[in-house]
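The block underneath contains the structure these notes are about, expressed in structure tokens.
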DNA sequence: CTGAAAGCGCTTACAG
DNA sequence: CTGAAAGCGCTTACAG
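Chains as they are written, first to last, in our numbering: chain A, 1387 to 1724; chain B, 1387 to 1724.
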């Protein structure tokens, strides 16, 4: 089934069929013919060949999502938000890499061949963005303080982290451990830095901040905590702040395995507020990072960039268009710090 | 950057460039020219335009994954398995729908326009497969007892469900509740049917089997349990078997909210064995359904079908190629039924 | 072994 | 408002 067949069926030209299907009918196609094309399309069940369309236009309707770590269930809700906003016009192509590994240059190349309408990239490194180049519109997610020439949608975690530190201080904690992600991206650096600063403001210290890190996986986090705990305990650590909820789950598991009570022997907190954090033993105190709004905001910004050209996005954006406000993170206090 | 530019750079024709890039050089391109093309491709950073390639071949390298419920974190590992097996040759396109909703005919249409290399469809209905038609190679995941003309990768849950029933009977349970998924697909019907049958063999009954169901979401499951519990309790239910771990988490939350102790007042079990089930309060007894192997097996089978033509897959498969053995589910007993 | 050329199915100036 | 035609960048018989 091709546009030529539709045209023949409707008694019109392929040009007219194409104009109707692309909504470029204003002053170019008569109402009667618009209707005729629509009827033929419906009757024949015609669908535009995306490859041919992309070839002719120089752009496809594919949006590439580069996520370093789909195993982090946080992405489930981000993706839902993206799909909601993208709607039927664009198709999401997934680039998943190993846990926490940044995609390589050759990964990037493959996607360029798709002539994507745009890229959505979670927590990229500067190097990765350099490789991606100016190929297509781009919005980055959760990449705070990245180069200013790229549109970004971020979280404002400062108040929530302050609240977390105050919360822990009020519970009598004086020395904290920090279980970091192994991914070396700015969002994780910021979480640690802001926590460290907030801890100091609240009369607490963070013990050996670089000691413990793991990929975003429960078992790996449990092992990392197990390795760090002897030193932390010697240092007087009574609370462990984790870079993600998944890390915190690992700590919960390791703590139980070694007979530590939470929060009695050690308090535990995370970042994300995955749904599971309501049912862990004990329920997890965490900084909520709403995933779906992040996905929606990023997708909305990308579509604006695709439709509006350069000045709708971050690329050489004039002063007329400011960045969207960051999404506000909030502290959710539960039993793991009770 | 086009094949023509590569050809010019290498002093050869675009035909030769294409043959080299598609590995069709046997007896068609001299070793020296193969090398020359490779060098030019590398030097110029050339990537084949996928749209043009798909147009010329009539097929793209896109594999469409239709998953009714990406919010189920079970899919994270399935997707990882798929990506592992698909490798760099194919790109995964995501079709996500609302929780538990089957994709519509118009969703299907859109994908046909991509001229996909194949489809991977999780737990489809017969109606959906009819709409999909014979468009491209197809493998379905977790769709037991579906029409036999389609290649499927399934779980063998029978022994695990028997073990689950025996486990519950040995703990003294006599009446079970069943919290079902709202998705009306065969895999969920089977879970309930097999559990019901196994319960009877072990001297137990399942109370009001159709009473309780929800989408695969913690809060919805908690509400469904809350609604069903009064009747179940009156019926003497002491254990609730859930269609997924996520449903079980909802029961755990609802139970805590209403002051029920688990497993003291009510035992709870799930299906999936998500990593979180190790850290819930209490840890969850569940039937483990390994997601990554499911994704890998399905992708492997799809690639075989794409490469081998009709007789490598389920389409009109001769007796020479049997279906792969089902992936075996196993019972994981934990504290929620202790 | 090599290259000229047809053809894949669109989109978009362009002429009318 | 309408249609003929060029052109997008590949792949693949085909002739040599």
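Where is the CB? At the ideal position from N, CA and C, for every residue including glycine.
Nearest neighbour of residue 1440 of chain A by Cα position, chosen from A:1431, A:1500, A:1426 and A:1640, turns out to be A:1500.
The Cβ atoms of residue 1681 of chain A and residue 1464 of chain A lie closer than 7 Å to each other. When DSSP states are grouped into helix, strand and coil, residue 1650 of chain B belongs to the coil group. The criterion of a C-beta distance shorter than 7 Å is satisfied by residue 1449 of chain A and residue 1504 of chain A. Contact check for residue 1562 of chain B and residue 1593 of chain B: beta-carbon distance about 7 Å, within the 8 Å limit, so the pair qualifies. If you look at residue 1548 of chain B, you'll find it in the alpha helix (DSSP H) that goes 1544-1556.
Distance check between residue 1596 of chain A and each of A:1691, A:1455 and A:1627 places A:1627 closest, using alpha-carbon atoms only.
For residue 1434 of chain A, the neighbours in chain B by C-beta distance under 8 Å run, in chain order, 1499. With a cut-off of 8 Å on Cβ pairs, the stretch 1681-1692 of chain B is not in contact with the stretch 1658-1671 of chain B, counting fewer than three such pairs. Of all C-beta pairs linking the stretch 1607-1616 of chain B to the stretch 1549-1560 of chain B, fewer than three are shorter than 8 Å, placing the two stretches out of contact. Not a single C-beta of chain A is nearer than 7 Å to the C-beta of residue 1650 of chain B. Cβ proximity to chain B below 8 Å picks out 1664, 1665, 1666, 1667, 1668 and 1669 from the stretch 1664-1694 of chain A.
Cα atoms of residue 1481 of chain B and residue 1558 of chain B: separation of roughly 44 Å, rounded to the nearest angstrom.
Unbroken alpha helix (DSSP H) stretches of 4 residues or longer found wholly inside the stretch 1561-1647 of chain B: 1572-1587, 1604-1621 and 1631-1643, given in chain order.
With a contact defined as Cβ atoms closer than 8 Å, residue 1577 of chain B and residue 1509 of chain B miss out at about 11 Å. Around the beta-carbon of residue 1556 of chain B, fewer than 16 other beta-carbon atoms lie within 10 Å, marking it exposed. Below the 9 Å Cβ cutoff, chain A contributes 1479, 1480, 1481 and 1482 as neighbours of residue 1478 of chain B, in chain order.
Burial of residue 1458 of chain B is indicated by the presence of at least 16 other C-beta atoms within 10 angstroms of its C-beta. The beta carbon of residue 1669 of chain A is closer than 6 Å to those of 1720 and 1721 in its chain, skipping five residues each way along the sequence. The Cβ atoms of residue 1546 of chain B and residue 1654 of chain B lie no closer than 7 Å to each other. With a contact defined as Cβ atoms closer than 8 Å, residue 1543 of chain B and residue 1667 of chain B miss out at about 26 Å.
Nearest CB-CB separation between residue 1424 of chain A and chain B: not below the 7 Å threshold.
The shortest C-alpha to C-alpha distance from residue 1470 of chain A to any of B:1467, B:1456, B:1410 and B:1468 is the one to B:1456. Straight across, the Cα-Cα distance linking residue 1711 of chain A with residue 1651 of chain B is about 48 Å.
Boundaries of the beta strand (DSSP E) around residue 1504 of chain B: 1504-1508.
Under the 10 Å beta carbon count, residue 1502 of chain A is surrounded by 16 or more other beta carbons and is classified as buried. Straight-line measurement puts the Cα of residue 1445 of chain A at about 23 Å from the Cα of residue 1414 of chain A. The secondary-structure analysis by DSSP pairs residue 1718 of chain B across a beta bridge with B:1672. Between the alpha carbons of residue 1675 of chain A and residue 1671 of chain B lies a gap of roughly 29 Å. A Cβ-Cβ separation of about 6 Å places residue 1530 of chain B in contact with residue 1572 of chain B under the 8 Å criterion. DSSP places residue 1529 of chain A in no beta strand (DSSP E); its state is neither H nor E. For residue 1432 of chain A, the three-state secondary structure derived from DSSP is coil.
Runs of beta strand (DSSP E) with 3 or more residues, each lying fully within the stretch 1422-1491 of chain B, are found at 1448-1453 and 1477-1482, listed in chain order. Per DSSP, the continuous alpha helix (DSSP H) segment holding residue 1684 of chain B begins and ends at 1677-1694. Residues of chain A with a Cβ closer than 7 Å to the Cβ of residue 1524 of chain B do not exist; the shortest Cβ-Cβ separation is about 18 Å. The beta carbon of residue 1661 of chain A falls within 7 Å of a beta carbon belonging to chain B, placing the residue at that interface.
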